[in-house]
Each structure stands twice: as structure tokens, then as C-alpha cells.
Amino acid sequence: MSDTLSFKCPNCGAPLTYSAELGRFSCEYCGSSFTFDEVKNADVNADTPFDWGDYAANVPEEHLDGLVSYVCKSCGAEVVTDAVTAATHCPYCDNVMVIEDNVSGLLKPNGIIPFRVDKKKLKDIVKAYCSGKRLLPNNFLTTHRIEEVRGVYVPFWLYGCRADGNMTFDATRVRTWADSQFYYTETSHYLVTCDGGMAFSRVPADGSRRMDDALMDSVEPYDLSELKDYASGYLSGYLADRFDDDAESCLPRADLRVKNSLADAFRSSLRGFTTAVPVAKNMKLTDTRVEYVLLPVYLITASYNDKKYAFAVNGQTGKMTGNLPVSRAKFWAYFGGIFAVISGLFALANFL
Amino acid sequence: MKKIKCMASLLLLLLVMLMPGGRALAFGMQAPAAADRVLDKADIWSESEEAEFRDSIEALSETYHTDVVLLTVYMLYDAALGDQTYSSAADFADDFYDRGGYGYGNGRTGLILVISMEPGNRQYHFSTSGREYESYSSSDISFVQGEIQPLLTGADYDGAARRFLELVKLHEESGHFDIGLAKTDDSDMLWSLGLALLVAWAVTSNMKRRMNPVQKASRARNYAVPGSYELRHYNEVFLGTSVSRRPRSQNRQGGGHIGHSGAGHGGGGGRF
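Now the structure itself:
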């Protein structure tokens, strides 16, 4: 059984265990041992920021599957939860439980954006999101479809890097003219090479396997200038997870976005070409930096026709996203209506 | 008394104008002789066919006060038009009509059908002038083309001339081609329906896409450090140039054009 508060190794941040034989706290990860006073004075929970390199070097393998039990400080009940849960509610007394093991020491986030959108406003946000969606089934909003609303701090990786590379395009300039007999098309072919670079800061990618990557990408952007130093007090009243998808496995998502954006910049540097087809591309990322942050998301689950629909609301900006059900009847009604109106207009034009 | 004479003169003039051929007489015009309006220089019609066409042209001229010319040539050349071979049957038809002095009245109303039998470059063109230039719509021209071209392609040269004269008469009687319009309407209607389907599908698909906005991000544009883009090297290597051309008209020609004499012409044609 794990506790919701434990001492951390001042050297590596890993949990310390007390050895009755030695009368000291010892670290299984780095082999160090400390007296109680040394551990208490180190106060690692307050000062150690997350460092991916440090983490990867000291905690090469983690087992995040399965369940872990914690003791509620309020009522003393034993609460069983996922290994990645960082904050949850006690099912017996509804007290907020911050699982310190998952947000402290080596796992202490670099920053957090606190929830700014009040949960009470979600009803209006959902209503605004659904308005204007003409293919939405009529009874989707009128009936009680929303099953669950959760405010969750989702673990995100923020990547900073510099992207450099070169790109080659097969480009053409086309000129047309005509005389009395022929239309002429002159196509001039060029091989265009661009070489350059660009810096990126805080490209996000969620580090939670529970979250749908596309849903988390769609809930962007966050105003990352409002990142605050992590403090567990922010988690009060909300759920939170620690990452279970590490920074290396999420990097390809950021890598793709960064390289595509550099390719776009190269393409926009081309001037006066009619077509430009990339034929070769060589890019690399350097000076890669990783930050580990918790970002606020309201997760809304709704059901319609026995199918679950997941929505996300950016807890900072209130931006909502999620796929809505489509009414087949409405789709074909609109299709038929538009077809009939346009056909009618054409018929009228022909008649006149 | 003068008023009565004046009124009588006006009535007489009105009656004459209402009689067949009266308008030409009223404005001091003679119906042109039909002999030089069937010119079979390529020798593709028999003498009896030529006589038949002349009779038809004479009847058209008398009844509808329009001039009709049928001309066949081995190639688009005529000494009367100068020492040049035309590449365009439309230009040749216009110039032959204008410089041959054809046409009714000041507007020189009439039509000419030119059939060129030049090996490897067989063309036909019918040119409209004066009142006919105004009265033949683009759908009328397309209809005539659609009727004449298959006959010429099938080497039914007398049939093509005969059908042309029938169509001229039909057009004079009704002012347009009912059958042709119906065909055009059908075609237009199909296009309209197709376009309406396409627009309806595009609009509803867009509405459906708006219902499914969730997708993985593929760009990091919002996270680029402002001003950090640096294009260190840019090079354009010219590889070569290719020029292609396509004829302005292939099987069909149509629309208005100006002859070398400055007169406006309509009509259409093509190759066969």
C-alpha cells in the first residue's frame, strides 16, 4: 500500500525506504542513504523541477499498468486507483487526494496552467458549440445526453527545438498566350533548393495514453505564457494524471509538426512559380528541450444511439472540440433541399 | 387633298411591304439572281442537284428576303480574293461573301455555306450576315453544325446542302430551331442537374465536416519563435522550357467575327 506522502531522495528524487537495521533512509535507485534530518532539510518536493534527461537516466523502466492503493488522509479509507493517477476524489468522503508520488520528486511538473473556466459555464459552452451545427440530431441537446463531466489536468510534453534542413522542389513557371490559330503554353522547369532553419518553442503533445491524441491536439491552443510553477494546491477539486507516454515516445508527434512547418516556410519562400512539387527533403532537430506540464481540460462524455461521444473543453480558453453525431435524415433533407433550389434556379434561368 | 394623297401613298407602301418580296421592292432592291449562288467548284454535286438548290435558294430569297450562297472548293483559295490560301474556312467564307457582293439590302442579309474538299484538311463553314447575324443564336448555330457535320463526314454532300437549305427555311419560318432548342435544353438541364448535385454534395459534406473537427495536428506554426526563420541559401536552376500548343478551334467553330471588309459575321463550322 502506498501513502499519499513520502520522502524523496535528495540526489535523484526516487522514493526512499527506511531501513530499521541501518536507522537511515535508503534509495533503491541511486544507492544513497540519508538520516531523517538530511531528508527533511533537502525538501526535494519543493525544489526539484522535472528534468527529462535526469528522469530517463534514473528511472529507465517503470511499470505503470495495474492498480495502486492509497490511504485517504481525511477518512483513512483505502482507495484503489490507476498507477498514473495524480489527483482523484476519495469515493467515500469525496476528499481530494493528491497522490504525491506521481507529482513530486522526479515527477514534479515544470509548470501548470490552472483552470480558468468555471465548470458552471460548461453548459453555455456546450450550447454554443452545438449551435449552428445544422446536422445535429434535434434531440441531442434536448434530451439528457451528457453522462459525465470531469475537470482533468492532462500531462503534456512541451518541446522546444531548432529545426534545420534543406528542401528541393521541382518547380514550373507557366506562360500562356494565343494567336489567331493556336493557344500556346510555355512551361519553364526549375530545380529550386532552399536551405535554412527555424526555432520552435513549447510544441505540445499530451503524454497520457488515456487521452485521444487527436482530441488533445484539437483543444489547442493554450496561452503557454501563463504557465505557473507547479504547486499541488492547483489540483484541488480536479482530477490529474501523471504521464505514462514518455517524452521520447511522444517526440515523433512534435517532430512531424515542426518539420511540416519548416517545409511550409520553405515553400512560402518560393516566388513566382506556378507549381512546386517537393522532390527531396532533409531536416533535423537540434537543441531539443522538454518541459513537463499539466494543462487543464474538461472531458465530457455523452451518449447518443448507444454510441459514446467524447468532447474536450480547454480549461484555460473555453475552446470546445469533439465529434458530434450526424442526423442522416437532416443530411439527406439538406442535400435534397439544396439540390432542389439550385436545380430550380437553373431551370428558371434557362426558362428566362 | 394633299393629305389624302399622302395617306394613300403610305397605305400603298404598307401594302407593298406586306406582300411577299414587297419589302425589297419597296426599298428599291431586286432579288438577286440564283445562278451564281450555287458554285460547285469542287464538283461534288450533280447538275440536277445544283438546279434543285438554285430553285430552293430562289424561293428562299423571294419569300424571306435573304441571300443564300452554296460554295464548294478544292482548297480555301479564290483568285478574286487575292493571291492567298486561307487557313480558316470562316475567314474564307466571310471574304467570299463580302467581296462577292452578296446579301440583301444595306445590311447585306444572307448566309453562305462553304465546303472545302482539300485532302487532309476538309472543312466547312456557314457564315451569317446582316439580319441573319442577329437572328442565329449560338444554340441555333450549334444545331446547324450538329445537322450538317454528320452528313459531310458520311460523304453525303448533296444531303448536307439540302439539309442546310431546309434549316435556313425552318429558321426563317420560326425564328429559331425548336428541335435544336429542345436538344440544347436537355443538354443544359443535364449539366444543371449535375452541377446542382455537385453543389449540394459539396455544401452538405462541408456541413458534415464541421461536425467532425477532431484531427491530429500536423503543423506547429503557432509555436514558431517569431522572426526565427532563416533562409540561408536559395538557388534556382533553370532546366529548360517546353512549349505546347492547341488549336483555337478543333471540330467546331462558332461565334461572331469580323470579315476583312469590316462587316460582322456569325456562323459556325468544323472539319469532316
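Protein sequences, first through last, are from chains A and B. Counting from 1, position 194 in the first sequence corresponds to residue 1367 in my numbering; the numbering is continuous, with no gaps. Counting from 1, position 129 in the second sequence corresponds to residue 221 in my numbering; the numbering is continuous, with no gaps. No residue lacks a Cβ here, since even glycine has one placed at the ideal position from N, Cα and C. Note that this is a predicted model, so its numbers are computed, not measured.
- Remark: C-beta atoms of Asp1337/A and Thr1459/A approach each other more closely than 8 Å.
- Taken through DSSP and simplified to helix, strand or coil, Leu1443/A comes out as coil.
- Going by C-alpha positions, Asn1478/A is about 22 Å away from Met1493/A.
- Excluding its 5 nearest sequence neighbours in each direction, Gly195/B has C-beta neighbours in its own chain below 8 Å: Asp159, Tyr189, Thr201, Gly202, Ser221, Gly222, listed in chain order.
- In the structure shown, Asp1227/A falls within a helical segment according to DSSP collapsed to helix, strand and coil.
- Secondary structure within the stretch 1391-1468 of chain A: the alpha helix (DSSP H) runs of 4 or more consecutive residues, fully enclosed, are 1420-1442 (chain order).
- For Ser179/B, the residues of chain A that pass the 7 Å Cβ criterion are Gln1354, in the order they occur in the chain.
- Only buried fits His357/B, as 16 or more other CB atoms lie within 10 angstroms of its CB.
- With contacts defined by Cβ atoms closer than 8 Å, Ala1485/A and Val1376/A do not form a contacting pair.
- Looking only at His263/B, Ser231/B, Val206/B, Asn213/B, the smallest Cα-Cα distance to Ala253/B is reached by Val206/B.
- At a cut-off of 8 Å between beta-carbon atoms, Tyr1363/A makes contact with chain B.
- For the set Glu1359/A, Thr1341/A, Val1365/A, the Cα lying nearest the Cα of Val1452/A is the one of Thr1341/A.
- Put simply, the backbone Cα of Lys1281/A is about 39 Å away from that of Asp1368/A.
- The contact set of Ser1434/A on chain B, defined by CB atoms closer than 7 Å, consists of Arg311, Ala312, Arg313, Ala316 in chain order.
- Shown here for Ile1511/A: not one same chain residue has a beta carbon closer than 8 Å to its own, the five before and five after excluded.
- The stretch 301-309 of chain B makes contact with the stretch 1390-1405 of chain A: 3 or more CB pairs, one atom from each, lie closer than 8 Å.
- Taking every protein chain shown into account, the CB of Lys1432/A has 16 or more other CB atoms within 10 angstroms, so this residue is buried.
- Residues of chain A with a Cβ closer than 7 Å to the Cβ of Ser229/B do not exist; the shortest Cβ-Cβ separation is about 13 Å.
- Per DSSP, Leu1295/A has no beta bridge partner at all.
- Looking at the backbone, the Cα of Thr164/B and that of Gly267/B are separated by about 27 Å.
- Put simply, the backbone Cα of Asp1255/A is about 36 Å away from that of Pro1310/A.
- Straight through space, the alpha carbons of Asp1418/A and Asn1455/A are spaced by roughly 27 Å.
- Note that the stretch 1320-1330 of chain A touches the stretch 1465-1478 of chain A; at least 3 beta-carbon pairs, one per stretch, sit closer than 8 Å.
- Counting only residues of its own chain and dropping the five nearest sequence neighbours on each side, Val1252/A has a CB closer than 6 Å to the CB of Tyr1243, Cys1245, Cys1263.
- By the beta-carbon neighbour count (other beta carbons within 10 angstroms, threshold 16), Gln176/B is exposed.
- Not a single CB atom of chain B sits nearer than 8 Å to the CB of Ser1381/A.
- A Cβ of chain B is located within less than 8 Å of the beta carbon of Ala1372/A.
- With a beta-carbon spacing of about 6 Å, Leu152/B and Val260/B fall inside the 8 Å limit used to define contacts.
- The Cβ-Cβ distance between Phe1373/A and Cys1423/A does not fall below 8 Å.
- Rounded to the nearest angstrom, the gap between the Cα atoms of Asn1496/A and Val1257/A is 27 Å.
- Flagged as an interface residue toward chain B: Lys1306/A, by a C-beta distance shorter than 8 Å.
- Per DSSP, the unbroken alpha helix (DSSP H) holding Arg146/B starts and ends at 139-156.
- With the criterion set as a beta carbon lying under 7 Å from some beta carbon of chain A, the members of the stretch 318-336 of chain B are Ser320, Tyr321, Glu322, Leu323, Arg324, His325, Tyr326, Asn327, Glu328, Val329, Phe330, Leu331, Gly332, Thr333, Ser334, Val335, Ser336, in sequence order.
- Residue-level contact check: Phe1508/A touches chain B, since one or more beta carbons of chain B fall below 8 Å from its beta carbon.
- One Cα belongs to Lys1401/A, the other to Leu1443/A, and the distance between them is close to 41 Å.
- Contact residues of the stretch 289-307 of chain B toward chain A are Leu289, Val291, Ala292, Trp293, Val295, Thr296, Met299, Lys300, Arg302, Met303, Asn304, Pro305, Val306, Gln307 (C-beta to C-beta distance below 8 Å).
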